[in-house]
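Colleague: Right, I'll just put the structure down here and ask away after.
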Amino acid sequence: MSAEASVGSDSVRQEHVRRVRLPADRRTPAAARAVVRAVLTEGGLDELLNEALLLTTELSTNAVVHARTELEIEVVADGHGLTVTVTDFAAGQLETLAARPRTEETDISEVSERGRGLLLVDHFSSRWGTTHLRSGKGVWFRLDRKIPSSSGDRLPEIGPPESAGAAPSAKALTTLLQSAPDPYGDDALGDFATDLLARICELVGASGGVVRLDRGDGGGQQQLARYGRAPRPDGATVRVPLTVHRPYSGELELDAAPSGYAAPLATLVAERLSLHLENDRLRRADLRRQTWLTFLAEASELLAQSLDVELTMALIPQLVVPRLGQWCAVHTTDEWGRLELATAIHADESALPQLHAALKESGPDSALARLREVSRTGGQAPLGAPTDGIALPLIARGQALGTLAVGRHNRQRHDPDEIAVLEDVARRAGLAIDNARIHDERRRVARTLQQSLLPPVLPVVPGIGFAAEYVPTGSDTEVGGDFYDVMPLPDGRWLVVVGDVSGKGVQAAAVTGLVRDVIRVLARDGKPLPEVLARLNDTLVERGGGRYCTLALAAVARSADGLLDTTLYLAGHDRPVLIHADGRAAFVGTGGTALGLIDAIASPATDVRIRPGDALVFYTDGVTERRRGRELFGPDRLRAAAGPLAGYSADVVAARLRTTAIGFSIDPPRDDIAILVLRNDP
102 MSAEASVGSD SVRQEHVRRV RLPADRRTPA AARAVVRAVL TEGGLDELLN
152 EALLLTTELS TNAVVHARTE LEIEVVADGH GLTVTVTDFA AGQLETLAAR
202 PRTEETDISE VSERGRGLLL VDHFSSRWGT THLRSGKGVW FRLDRKIPSS
252 SGDRLPEIGP PESAGAAPSA KALTTLLQSA PDPYGDDALG DFATDLLARI
302 CELVGASGGV VRLDRGDGGG QQQLARYGRA PRPDGATVRV PLTVHRPYSG
352 ELELDAAPSG YAAPLATLVA ERLSLHLEND RLRRADLRRQ TWLTFLAEAS
402 ELLAQSLDVE LTMALIPQLV VPRLGQWCAV HTTDEWGRLE LATAIHADES
452 ALPQLHAALK ESGPDSALAR LREVSRTGGQ APLGAPTDGI ALPLIARGQA
502 LGTLAVGRHN RQRHDPDEIA VLEDVARRAG LAIDNARIHD ERRRVARTLQ
552 QSLLPPVLPV VPGIGFAAEY VPTGSDTEVG GDFYDVMPLP DGRWLVVVGD
602 VSGKGVQAAA VTGLVRDVIR VLARDGKPLP EVLARLNDTL VERGGGRYCT
652 LALAAVARSA DGLLDTTLYL AGHDRPVLIH ADGRAAFVGT GGTALGLIDA
702 IASPATDVRI RPGDALVFYT DGVTERRRGR ELFGPDRLRA AAGPLAGYSA
752 DVVAARLRTT AIGFSIDPPR DDIAILVLRN DP
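What follows is the structure, given as C-alpha cells:
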C-alpha cells in the first residue's frame, strides 16, 4: 500500500490530497472509507461525510467484486468540495461517459439500469464521470460544498424523507446498505431479510413486503421473510427477482406502486439480499461437499474392510439408501454376460416385492433392458417408471461387473452433486466387489492346497487311537508349512509324521508337498527311518532356496503284552509329551538336526513304550510360540495342560489342547498350529 499527500500554499484554496493503492480484498472498502474520512476531516468538509462514504463504498466494492484487481483511490479536498477517483486495472472495452452536472429534475429511476453503484453516484454527486487509461479505467465523482447564504442560514441537515415521494437521504441509504446478518443468530438470513423489508417499506411508503426463496431442495418456494401486509394479487406491487445462482431462486415483492424510488430501491435491496443468499448457497454447498467427502471416505473404509463377496453385495445398497435414493439394486454379470439380481433394498420394506417384480420384467423399455444397455456401454442412463431413478455401471480394472441402480427420492430427482457422488460410489463398489472376488478365489486356492497337504482322514487301527487338530495362520489366503500324516509301513507298523517347513505361502507349500511325498515313497519302499531322513535332507540341500524342515517320526507297533512299542526320531523338532494314565506328563525323545541346512545330520532314535491309557502328543511350534504380548505359551504350559487330560480319548485330548492354546491370546494365530495325538486304547 502506498500513499502520498500535498498541501497548497494558499490558505483560501488549500488542497488536501491522498492517493492510495489498495489490494482486491474484502477489507478494501473500509480502508477506502478511512482515507476519505481523514481527508474530509483535514479539509473541514464534515457536512459531506455521509454522501462521500456512501459513494466511496459503492465504487470500491464494485471495483473489488467486478474488476478483481488492485485499485487506486485518489481523494482531493479543497475549499469548495471533494473529488474522489477510484481506478481499477482490469482490461475492458473503452467507453466514454461524459461528465455532467447533477440537476434537480433528474430522477433516480432514469439511471437505475446503470447498476447500483452508478445509480447512487448519479443521485448524490454534483457531477461524475469515467477515465480510461492504458493500465485501467476509473470512475470519479465530485461533491460540492453548500455555501450558507449571507443571512446566516444554517446548512440543511440530511435526514429521513418526510414522505414516500421524497428522495431518500444518504444517511438512510447508508444504513440500508451497511446492514448485515447477525453471524450468531439462529435465523440470521430470515432476520436480515425482515430488517431490509422494514427499512425499504419505510423509505418508499409501502404497506408491506415479502421475500420468497426456493433453495432447490425439493421443498419448493418458501417464505423467507415478511413485513407488514402481504402484497395483494390484485394490487399495485413491485416484484424484483433475486439474483442468485441455481439451484436457488426467489423474488422480493413490495405492496407499493412501481414508480418513483420504489422500483430502483427494491432492486438495490434485492441485490444486497442476493449477495448474502449467494454466500448462504456457497456455504451450504461447501458444507454439503464436505459431508459427501466424509460419506465417501466412510464408504471406502467399510467396503475395504469387507473381503467377502456376499457381505460386500449386501453392504453396497445399505450405503446408498436412504441417503442417496429411495431404493437400490445391485446386478452382477455371470460368465455368459447375463445380468443377475444380487441384492436390492427399499426404504419402504412393503414396496420391496413390487421393486423385485419391476426389476425382473422384460421388454424393450423395461428397467432390465436399460440395465443391460448400461452394462454393455459402460455409461449411465435414467430409469423410467415405475423404477424411476438412475443406473450406473460397476467397472473394475477395465472389466464390467454389473450395474448399480438407484431410485430417486420421492420429492425430487438426483441433482448433479448426488449423481457425481453416485458415480464415485459405483466406482468404489465395483472395485470392492472385484477385490472380494479375488480374495475369495485366493482363499479357495489356499484351502484346496492346504487340504492336499493333509490326510483327508486318519486311519482307524484297533487298539490305537489317532486324532489331529490343525489351525491355519490368521490369513485365510496363505498356506502354512505345518503338516502331519499317518501311513502303514511294509513291516506292519504305522508311521506317524509331524513336520514344519520354514516360512509360509506357495513356496513353503511346495516344500511341504515335496517332504511329504518323499517320506511316503521311501517309507513304502521299506527304507529304514534313518535313511529316510538322510535322503530327505540330501534332497532339500540340493534343492536350495533357504527352506528347511523339522520332523518328528515315530514307528508304532502293538506288542503281545498290549504295549505300543514306539521308535521316535526327532530332526530338529520339539519333543512330544507323553501323558501317563495316572496323570503324569513328561517330554520324551532326543533332539536331532533339522533337515535342509547341512549335508550331514544326526538322528538318534529313542524307544518309547506307551502303556494302555497313555497318550503321546506331537505338536508344532505354533503351539509353544503362541504369544500374548511378550509372553509365550511355552512348553511348560503345554505339559501342565496335558496332564489333566489323562484317561480321555485321543479326540478329546487333541481338541482340549487346541482350545487351550488358542484361548491363551485374543490375537489370531501368527503361525500354524498342528497337534497329533497317538493313544494306546485298552
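For the sequence shown, the numbering used here gives the first residue as 102, with consecutive numbering after it.
The beta carbon of each residue, even a glycine, is placed where N, CA and C say it ideally should be.
The structure presented is a predicted model; accordingly, all values stated were derived computationally and were not measured.
When you compare each of Ala139, His233, Val778 to Leu64 by their alpha carbons, which one comes out closest?
Modeller: Any property of residue 64 remains undetermined from this structure, which presents the chain solely from 102 to 783.
Colleague: Using beta-carbon positions only, say whether Leu502 and Asp466 come within less than 8 Å of one another.
Modeller: Taking the sequence shown and counting its residues from 1, the one referred to as residue 502 is at position 401. Taking the sequence shown and counting its residues from 1, the one referred to as residue 466 is at position 365. Contact: no.
Colleague: Can you grab the Cα-Cα spacing for the pair Val422 / Gly508, in whole Å?
Modeller: Stepping through the sequence shown from its first residue, residue 422 is reached at position 321. Stepping through the sequence shown from its first residue, residue 508 is reached at position 407. Rounded to whole angstroms, Val422 to Gly508 spans 9 Å at the Cα level.
Colleague: What number of angstroms, rounded off, separates the C-alpha of Gly606 from the C-alpha of His515?
Modeller: Residue mapping note: residue 606 aligns to position 505 of the sequence shown, counting from 1. Residue mapping note: residue 515 aligns to position 414 of the sequence shown, counting from 1. Taking the straight line from one Cα to the other gives about 48 Å.
Colleague: How many angstroms separate the CA atom of Gly697 from the CA atom of Leu634?
Modeller: In the sequence shown, counting from the first residue as 1, residue 697 sits at position 596. In the sequence shown, counting from the first residue as 1, residue 634 sits at position 533. Using only the alpha carbons, I get a separation of about 10 Å.
Colleague: Would you mind sorting His224 into buried or exposed? The rule is 16 or more other CB atoms within 10 Å of its CB.
Modeller: Position 123 of the sequence shown holds residue 224. Buried: at least 16 other Cβ atoms inside 10 Å.
Colleague: For Ala200, which three-state DSSP category applies?
Modeller: For the purposes of this step, residue 200 is taken as residue 99 along the sequence shown, with counting starting at 1. Since pLDDT at Ala200 reaches only 39, below the 50 mark, its modelled position is unreliable, and no value is offered.
Colleague: Please state the DSSP three-state secondary structure of Asp518.
Modeller: The count along the sequence shown starts at 1 and reaches residue 518 at position 417. Three-state DSSP puts Asp518 in a helix.
Colleague: Cα separation between Pro494 and Glu474?
Modeller: Counting from one through the sequence shown, the residue named residue 494 turns up at place 393. Counting from one through the sequence shown, the residue named residue 474 turns up at place 373. Computed Cα separation, rounded: 10 Å.
Colleague: Name the DSSP beta bridge partners of Arg327, please?
Modeller: As a position in the sequence shown, residue 327 is number 226, starting the count at 1. BP columns for Arg327 point to Val311.
Colleague: Using C-beta distances below 6 Å, list every residue in its chain close to Gly581, excluding the 5 sequence neighbours before and after it, in chain order.
Modeller: Indexing the sequence shown from 1 puts residue 581 at position 480. So the list reads Pro573, Thr574, Lys605, Asp773, once near-sequence residues are dropped.
Colleague: Go ahead and pull the three-state DSSP assignment for Leu523.
Modeller: In the sequence shown, the residue the question calls residue 523 occupies position 422. Helix, per DSSP.
Colleague: When DSSP builds the beta bridges, which residues end up paired with Gln500?
Modeller: Reading the sequence shown from its first residue, position 399 is the one you call residue 500. Its beta-bridge partners are Ala497.
Colleague: Who are the near neighbours of Lys461 in its chain, counting only those whose CB is closer than 8 Å to its CB and skipping five residues on each side?
Modeller: Within the sequence shown, the letter at position 360 stands for residue 461. Same-chain partners within the cutoff: Leu442, Leu469.
Colleague: In the DSSP assignment, find the beta strand (DSSP E) that holds Val92 and state where it starts and stops.
Modeller: This structure does not reach residue 92, given that the chain is present from 102 up to 783, and the question cannot be answered.
Colleague: Give the DSSP-derived three-state secondary structure of His233 in the structure shown.
Modeller: Locating residue 233 in the sequence shown gives position 132, counting from the first residue. In this structure, His233 counts as strand in the three-state DSSP scheme.
Colleague: From this set, Pro591, Glu171, Glu148, which residue's C-alpha is nearest Ala133's C-alpha?
Modeller: As a position in the sequence shown, residue 133 is number 32, starting the count at 1. Ranking Pro591, Glu171, Glu148 by Cα distance to Ala133 puts Glu171 first.
Colleague: Could you tell me the distance, in whole angstroms, from the CA atom of Leu550 to the CA atom of Asp525?
Modeller: Counting from one through the sequence shown, the residue named residue 550 turns up at place 449. Counting from one through the sequence shown, the residue named residue 525 turns up at place 424. Each residue's alpha carbon lies about 37 Å from the other.
Colleague: Alpha carbon to alpha carbon, what distance is there between Ile520 and Ala281?
Modeller: Translated into the one-based positions of the sequence shown, residue 281 becomes position 180. Translated into the one-based positions of the sequence shown, residue 520 becomes position 419. The alpha-carbon atoms of Ala281 and Ile520 are separated by roughly 35 Å.
Colleague: Within its chain, find whatever has a CB closer than 7 Å to the CB of Val136; leave out the 5 residues flanking it on each side and keep chain order.
Modeller: In the sequence shown, residue 136 corresponds to position 35, counting from 1. These residues qualify, in order along the chain: Arg119, Val121, Ile174, Val176.
Colleague: Taking the alpha-carbon positions, what's the Phe584 to Ala672 distance?
Modeller: Along the sequence shown, read from residue 1 onward, the residue named residue 584 stands at position 483. Along the sequence shown, read from residue 1 onward, the residue named residue 672 stands at position 571. Each residue's Cα considered, the two are about 15 Å apart.
Colleague: Among residues of its own chain, excluding the 5 on either side of Val222, which ones have a beta-carbon nearer than 8 Å to its beta-carbon?
Modeller: In the sequence shown, counting from the first residue as 1, residue 222 sits at position 121. Here the set comprises Leu156, Glu159, Leu160, Trp229, Val240, Phe242.
Colleague: Using only CA atoms, which one of Ala701, Arg340, His181 lies nearest to Leu146?
Modeller: What you label residue 146 is simply residue 45 of the sequence shown in a count that begins at 1. When each option's Cα is compared against that of Leu146, the closest is His181.
Colleague: Is the Cβ-Cβ distance between Gly351 and Val311 less than 8 Å?
Modeller: Walking along the sequence shown from the start, residue 351 turns up at place 250. Walking along the sequence shown from the start, residue 311 turns up at place 210. No, the Cβ-Cβ distance between Gly351 and Val311 is not below 8 Å.
Colleague: Do you know how far the Cα of Leu596 is from the Cα of Tyr670?
Modeller: Here residue 670 refers to the residue found at position 569 when the sequence shown is read from its first residue. Here residue 596 refers to the residue found at position 495 when the sequence shown is read from its first residue. Distance between the alpha carbons of Tyr670 and Leu596 is about 11 Å.
Colleague: Measuring CA to CA, which of Ala703, Gly690, Asp737, Ala686 is closest to Gly744?
Modeller: If you number the sequence shown from 1, residue 744 lands on position 643. When only C-alpha atoms are compared, the closest one is Ala686.
Colleague: Quickly, what does DSSP pair Glu173 with across the bridge? List them, please.
Modeller: In the sequence shown, the residue the question calls residue 173 occupies position 72. Its beta-bridge partners are Arg122, Thr188.
Colleague: With DSSP as the reference, identify every bridge partner of Leu416, one or two as the case may be.
Modeller: Counting from 1 along the sequence shown, the entry for residue 416 is found at position 315. Answer is none; Leu416 lacks a bridge partner.
Colleague: Can you give me the C-alpha to C-alpha distance between Leu256 and Arg300, rounded to a whole angstrom?
Modeller: As a working note, residue 256 is residue 155 in the sequence shown. As a working note, residue 300 is residue 199 in the sequence shown. Residue placement at Leu256 is flagged as unreliable, the pLDDT there being 37, under the threshold of 50; the coordinate-derived value follows with that caveat. Looking at the two C-alpha atoms, the distance is approximately 26 Å.
Colleague: Roughly how many angstroms lie between the CA atoms of Pro359 and Ala192, to the nearest whole one?
Modeller: Start at 1 with the first residue of the sequence shown, and residue 359 comes out as number 258. Start at 1 with the first residue of the sequence shown, and residue 192 comes out as number 91. Approximately 37 Å, taken between the alpha carbons.
Colleague: Need the endpoints of the alpha helix (DSSP H) that Ser227 sits in, please.
Modeller: Within the sequence shown, residue 227 is the residue found at index 126, counting from 1. Note, Ser227: premise wrong, no alpha helix (DSSP H); not H, not E.
Colleague: Run through DSSP, which three-state label would Ala716 get?
Modeller: Mapped onto the sequence shown, residue 716 falls at position 615. Here Ala716 sits in strand by DSSP.
Colleague: Just to confirm before moving on: does the CB-CB distance between Ile491 and Leu523 stay below 8 Å?
Modeller: Looking up residue 491 in the sequence shown gives position 390. Looking up residue 523 in the sequence shown gives position 422. In this structure, Leu523 lies closer than 8 Å to Ile491 by Cβ.
Colleague: Looking at the structure shown, is Thr725 part of a helix, part of a strand, or coil, going by DSSP?
Modeller: Working through the sequence shown from its first residue, we reach residue 725 at position 624. It is helical.
Colleague: How is Phe765 classed by DSSP in three states: helix, strand or coil?
Modeller: Position 664 of the sequence shown, counted from the start, is the residue given in the question as residue 765. Here Phe765 sits in coil by DSSP.
Colleague: Would you mind working out which of Ala307, Val616, Leu403, Ala164 sits nearest Leu416, comparing C-alpha positions?
Modeller: Position 315 of the sequence shown, counted from the start, is the residue given in the question as residue 416. The residue with the shortest Cα to Cα distance from Leu416 is Leu403.
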